[in-house]
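Engineer:
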Amino acid sequence: MPISATEERHFGPYEILGQLGQGGMAIVYLARSPDGEQVALKVLREEADERSDMVARFHREARLARELRHPHIVPALDAGVVDGRHFLATRYVPSVDLWDLVEARGPLPLDACRSLTRDLALALQAIDEAGAIHRDVKPQNVLVDGTGRAMLTDFGLARPTNPASLRLTQSGVFLGTPSYAAPEQVLGERSELDIRADLYSLGVLLWFSLTGKPLYTGASRFEVLEKHLDAATPEIRRHREDIDDALRDLLNWLLQKAPENRPESPLRLLEGGDAALSTEACARGRTLLTQMIAPSLEKLADA
116 MPISATEERH FGPYEILGQL GQGGMAIVYL ARSPDGEQVA LKVLREEADE RSDMVARFHR
176 EARLARELRH PHIVPALDAG VVDGRHFLAT RYVPSVDLWD LVEARGPLPL DACRSLTRDL
236 ALALQAIDEA GAIHRDVKPQ NVLVDGTGRA MLTDFGLARP TNPASLRLTQ SGVFLGTPSY
296 AAPEQVLGER SELDIRADLY SLGVLLWFSL TGKPLYTGAS RFEVLEKHLD AATPEIRRHR
356 EDIDDALRDL LNWLLQKAPE NRPESPLRLL EGGDAALSTE ACARGRTLLT QMIAPSLEKL
416 ADA
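Its first residue numbered 116, the sequence shown is counted upward by one per residue in my numbering.
#1: Are three or more beta carbon pairs between the stretch 311 to 319 and the stretch 375 to 383 nearer than 8 Å?
#2: Please report how far the alpha carbon of G400 lies from the alpha carbon of R166, in whole angstroms.
#3: Straight-line CA distance for V189 to N367?
#4: Excluding five sequence neighbours on each side, which residues of the same chain lie with their C-beta closer than 7 Å to the C-beta of S210?
#5: Rounding to the nearest angstrom, what Cα-Cα distance links H187 and A347 in this structure?
#6: State buried or exposed for A390, treating a residue as buried only when at least 16 other CB atoms are found within 10 Å of its CB.
#7: Should L384 be listed as close to the ligand ZN, given that the test is whether its C-beta is under 7 Å from any heavy atom?
#8: Return yes when the Cβ of P349 is within less than 8 Å of the Cβ of S294, no when it is not.
#9: Measuring CA to CA, which of R175, P298, A177 and E130 is closest to F337?
#10: Taking DSSP as the reference, what is the three-state secondary structure of P209?
#11: With a CB to CB cut of under 7 Å and the five nearest residues on each side skipped, what residues in its chain are close to R220?
#12: Leaving aside the five residues before and after L412 along the sequence, list all residues of the same chain whose C-beta is less than 8 Å from its C-beta, in chain order.
#13: Could you give the distance in angstroms between the alpha-carbon of L156 and the alpha-carbon of R353?
#14: Note down the Cα distance separating E218 from S324, rounded to an integer number of angstroms.
#15: If you draw a straight line from the alpha carbon of D364 to that of K253, how long is it in whole angstroms?
#16: Once the 5 residues before and after L283 are set aside, which same chain residues still bring their CB inside 8 Å of it?
#17: Considering only the alpha carbon of each residue, which of A241, A373, G138 and Y144 lies closest to R124?
#18: Going along the chain, which residues of its own chain have a beta-carbon closer than 6 Å to the beta-carbon of R200, five neighbours each way excluded?
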C-alpha cells in the first residue's frame, strides 16, 4: 500500500513530498534526503515485498542502477530496506518524459530526433560495457531535462547478460513493453537476448519520435507482438517525407528483425551512424528540445 499520512510523511531518513507515479510493482515518491537533495524514491509495494522473485528483481535493479554512472542515465543514490519495505532512491530530474513530449508536440524535428538517438545510444553503450541489457527502452523511460539532454531511467527489467542471471527469467515468458519489444524478446528466448534487443527498441522509439505514432498497432498486445515478429517494416517516408537518407538508413538498420543484421553494439551504431548523428546536428537538436520543454519545466517549478 502507499505510504500513509500517519507515518508523518517520512520513510526512514527521507521526507515524503508527494507521489510521482506508480506501477504494478512499486510506487514512486518525490522525497527529500537528509542532505536536502530531492530524490525519486521507489518503494516496493507490500504485496511485492512478499514475493521472493520480485524482491530479487528489485535488488538486481538497485545493484545495476548504482553501478552505472553516466550523463545519460538517471543516477541511483541509495537503496535498502525500511521496516520491511525495499526502496531505491534516484536523483530527481526536473524533466519531461518523451511520451508526454511527443503527445503534446507531435512528431519532433529531425535534429531533435538525432539528439535523442545519440544520447540514448551513449546510455546503452554504458549499459553494454557493464555487461547488461535494459529490456524496457520506451518513451516513458526517457527523460528530457532542461538542457535538452535525454536520460534513460527505470532498470526494473534490466539484467546482466551473464548466464547466472538467467535464473530470474523464466524461459518462454515475455518481459517488456509490447510496442517496443525486439522480435527475440517477444519469443522469450532468454539466452538469445543481448544489447541488440535494446537497439531494436531504440529504433522503435526513434520511429515514434519521428512520426508521433507506434511502429505497429493491433487489437491486442498479442497482435502487436506478432507484428514485431512477422510484419514488414513500414517505409518511414510515407509518414515523414522530409527525412534524409542517412537518418532513414540508420532507422532501418536498427529495425532489422534479425539481431545479426542490426548494429552489433551501441558503439558500432555511433560509429556507423555518424552521418545521421553528426555533432552539429545533434547540438541543434538539443537546443530545440530545450526550447520545447521549457514551458513544462516552468509549470513544474511553479507547482
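All C-beta atoms in this analysis are idealised placements derived from N, C-alpha and C, irrespective of residue type, glycine included.
Structural biologist: Well, looking at it:
#1: yes
#2: 44 Å
#3: 28 Å
#4: L258, V259 and D260
#5: 32 Å
#6: exposed
#7: As presented, the structure is devoid of all ligands, the ligand ZN included, so that no description of it is given.
#8: no
#9: P298
#10: coil
#11: M407
#12: P209, S210, V211 and G261
#13: 43 Å
#14: 10 Å
#15: 21 Å
#16: Low confidence applies to L283: its pLDDT is 44, below 50, so where it sits in the model is not reliable, and the reading given next is rough at best. The residues are D168, A171, R172, R175 and R274.
#17: Y144
#18: V158
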